[in-house]
Structure formats: C-alpha cells, structure tokens
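*Asks:* So for the sequence shown, full-length UniProt numbering puts the first residue at 1; every next one is plus one. Note that beta-carbon positions come from the ideal geometry of N, C-alpha and C, so glycine has one too.
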Amino acid sequence: RILGNDGRVAGLECIRMELKEFDRSGRKTPYPIEGSEYKADIDMVIEAVGQRPDTSFIEGNGVKIERGGIVTVDRRTLATGRKGIFAGGDAVTGPQTAIEAIAAGQRAASSIKRYLQGKELSPLVERDGYKPIAISSLSPSEEETQEKARIKADEIPVSDRRTSFTEIVLPYSPEQAREEASRCLRCDLEVGG
Numbered sequence: 001r002i003l004g005n006d007g008r009v010a011g012l013e014c015i016r017m018e019l020k021e022f023d024r025s026g027r028k029t030p031y032p033i034e035g036s037e038y039k040a041d042i043d044m045v046i047e048a049v050g051q052r053p054d055t056s057f058i059e060g061n062g063v064k065i066e067r068g069g070i071v072t073v074d075r076r077t078l079a080t081g082r083k084g085i086f087a088g089g090d091a092v093t094g095p096q097t098a099i100e101a102i103a104a105g106q107r108a109a110s111s112i113k114r115y116l117q118g119k120e121l122s123p124l125v126e127r128d129g130y131k132p133i134a135i136s137s138l139s140p141s142e143e144e145t146q147e148k149a150r151i152k153a154d155e156i157p158v159s160d161r162r163t164s165f166t167e168i169v170l171p172y173s174p175e176q177a178r179e180e181a182s183r184c185l186r187c188d189l190e191v192g193g
C-alpha cells in the first residue's frame, strides 16, 4: 500500500512473500507471510506495467483462448485448433524470457514451413539448408586482425539525469552503429596480445 503525506508519496507498506506450489504456467505462487509487515520510506513510485497480448480478435474463429488470454496450442508444434494458424511466445506461455520467445518462433517457423509444404507437423526444428563451417578453417582477413576499440555511446548530461527518467545512454547514430558493427567478432583470433 502506498503511504502519503501532504499529497506526496512518503512510504510503502509491504509484506514479505513466500513462494509455494506451482501454478498452471509453471511459476511458484506467492503467499503473504503473516506478521512480516514493514514500512519503507520512499519518495517515488515507479509502476511496472505487465502487458498481455490482445487475443480478442481471435476468439470464435477456431482458436481457443484460455483464462488470462493465453492461446491454446499443441505445445510441440505450436499449431492452434484452426488449420494453418500457429502461435508462440508470450501469447502461449504468458510472460517468459526473450530466448524462450525466440525458440518458440523457430519452432513455429519450422511447423509453418512443414504446413506450407503439405508435410506432417513435427515437434523438431528443421535445420536443413545450413552447412556448418569450422571457423578455424577460414583464414582471417587483414581487417579482422586489426584491433578496433568499442564505440562509446553518448550519454545525457548528469544535470538532466536528476530530474527525469530519460535513458542515460543514447542510441548510436547510424554512422556509429555501422562503425561498431564493423568491429571484429572473431573471438577465436588472438590479436594484439
């Protein structure tokens, strides 16, 4: 609970939580610990807003939506109940890590490819067409053997940081981005040592 004083945030009333049994999404459920209440003196609250996919346009079109707006899929192929429709990432699992969403994207792409080719769906991600190359068998170019320092991104002045929530580190300019991207990514080379 947020505590106030003269119309300003003055504190936060909290209670410690304990994680117990797993819920349907595989996460542990938090429960309050009685008698663990405490107050924290604060002068600002930043609300972290979770987001959920808007699945309202899908309902009634052969795609089943579970409680919480989660799309029902075959967990192995990511196919929904409607032929030719696939889903993955947070729309299927709820909030997860970016790498899990990327993996779901690969699995869905593999299933979509098989579907479009008229093949049976498979839970395995197809990697045909990729031919591994042993990096050590390639001779480095002269540019790859030249050491380049990382491009330092610009930052907003310290005086501006105190009064705003603006990102401190500014994005690269297009020129800086090209220069940073041209740096050597061959970690197997020992240069300048």
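#1: Just curious, the alpha helix (DSSP H) that residue 161 is in, first and last residue?
#2: Take residue 110 as the anchor and find which of 79, 96 and 83 has the nearest alpha-carbon.
#3: With distances taken Cα to Cα, identify the nearest neighbour of residue 168 among 176, 174, 157 and 175.
#4: Could you tell me whether the stretch 54-72 touches the stretch 26-37, using the rule of 3 or more Cβ pairs below 8 Å?
#5: Which residues in the same chain as residue 155 place their Cβ atom closer than 8 Å to its Cβ, once the five residues preceding and following it in sequence are excluded?
#6: Quick one: Cα of residue 45 to Cα of residue 164, how far?
#7: In three-state DSSP terms, what is residue 193?
#8: Quick check on this structure: which residue in 166, 159 and 150 has the alpha carbon closest to the alpha carbon of residue 177?
#9: Report back the beta-carbon spacing between residue 43 and residue 9 to the nearest angstrom; my notes put them in contact at under 8 Å.
#10: Exposed or buried, residue 166, counting other C-beta atoms within 10 Å across all chains shown (16 or more means buried)?
#11: Measure how close the beta-carbons of residue 104 and residue 89 come, nearest whole angstrom, since I'm counting them as under 8 Å.
#12: Between which residues of its own chain and residue 60 is the CB-CB distance below 7 Å, once the five residues before and five after are set aside?
#13: One question on the structure: do residue 71 and residue 91 come within less than 9 Å of each other, judged by their Cβ atoms?
#14: Rounded to whole angstroms, what's the CA-CA distance from residue 58 to residue 95? Just pull it up for me.
#15: State the Cα-Cα distance for the pair residue 31 and residue 25, rounded to the nearest angstrom.
#16: Specify, as a first and last residue, the run of the beta strand (DSSP E) that residue 41 falls within.
#17: According to DSSP, simplified to helix, strand and coil, what is residue 151?
#18: To the nearest whole angstrom, what separates the beta carbons of residue 13 and residue 27, a pair I think is in contact under 8 Å?
*Replies:* The answer reads as follows:
#1: Sequence index remark: in the sequence shown, residue 161 carries index 161 (1-based). Its alpha helix (DSSP H) spans residues 158-161.
#2: By 1-based counting over the sequence shown, the position of residue 110 is 110. Put simply, of 79, 96 and 83 the residue whose alpha carbon is nearest the alpha carbon of residue 110 is 79.
#3: Residue 168 sits at position 168 when you count from the first residue of the sequence shown. Ranking the options by Cα distance to residue 168, first place goes to 157.
#4: By the Cβ criterion, the stretch 54-72 is not in contact with the stretch 26-37, since fewer than three pairs of Cβ atoms, one from each stretch, lie closer than 8 Å.
#5: Counting from 1 along the sequence shown, the entry for residue 155 is found at position 155. The residues are 168, 169 and 170.
#6: Indexing the sequence shown from 1 puts residue 45 at position 45. Indexing the sequence shown from 1 puts residue 164 at position 164. So the alpha carbons of these two residues sit roughly 14 Å apart.
#7: Along the sequence shown, read from residue 1 onward, the residue named residue 193 stands at position 193. Since pLDDT at residue 193 reaches only 40, below the 50 mark, its modelled position is unreliable, and the value read off the structure follows with that caveat. In the displayed model, residue 193 falls within coil according to three-state DSSP, outside both helix and strand.
#8: For the purposes of this step, residue 177 is taken as residue 177 along the sequence shown, with counting starting at 1. For the residues 166, 159 and 150, the minimum Cα distance to residue 177 belongs to 150.
#9: As a first step, residue 43 is located in the sequence shown; it is residue number 43 there, counting from the start. As a first step, residue 9 is located in the sequence shown; it is residue number 9 there, counting from the start. Here residue 43 really is in contact with residue 9; their C-beta atoms are around 6 Å apart, less than 8 Å.
#10: For the purposes of this step, residue 166 is taken as residue 166 along the sequence shown, with counting starting at 1. Burial check for residue 166: the Cβ neighbour count within 10 Å stays below 16, so the residue is exposed.
#11: By 1-based counting over the sequence shown, the position of residue 104 is 104. By 1-based counting over the sequence shown, the position of residue 89 is 89. Indeed, because the Cβ distance is near 5 Å, the residues count as touching under 8 Å.
#12: Against the sequence shown, residue 60 aligns to sequence position 60. Excluding residues within five positions, none has a Cβ falling inside 7 Å.
#13: As a first step, residue 71 must be located in the sequence shown, where it is residue number 71. As a first step, residue 91 must be located in the sequence shown, where it is residue number 91. A contact, by the Cβ cut-off of 9 Å.
#14: Here the question's residue 58 lines up with position 58 in the sequence shown. Here the question's residue 95 lines up with position 95 in the sequence shown. Taking the CA atoms as reference points, residue 58 sits about 19 Å from residue 95.
#15: By 1-based counting over the sequence shown, the position of residue 31 is 31. By 1-based counting over the sequence shown, the position of residue 25 is 25. So the two alpha carbons sit approximately 17 Å from each other.
#16: Within the sequence shown, residue 41 is the residue found at index 41, counting from 1. Per DSSP, residue 41 belongs to the beta strand (DSSP E) from 38-41.
#17: By 1-based counting over the sequence shown, the position of residue 151 is 151. Assigned with DSSP and collapsed to three states, residue 151 falls in coil, not helix or strand.
#18: Residue mapping note: residue 13 aligns to position 13 of the sequence shown, counting from 1. Residue mapping note: residue 27 aligns to position 27 of the sequence shown, counting from 1. Not a contact, Cβ separation roughly 25 Å.
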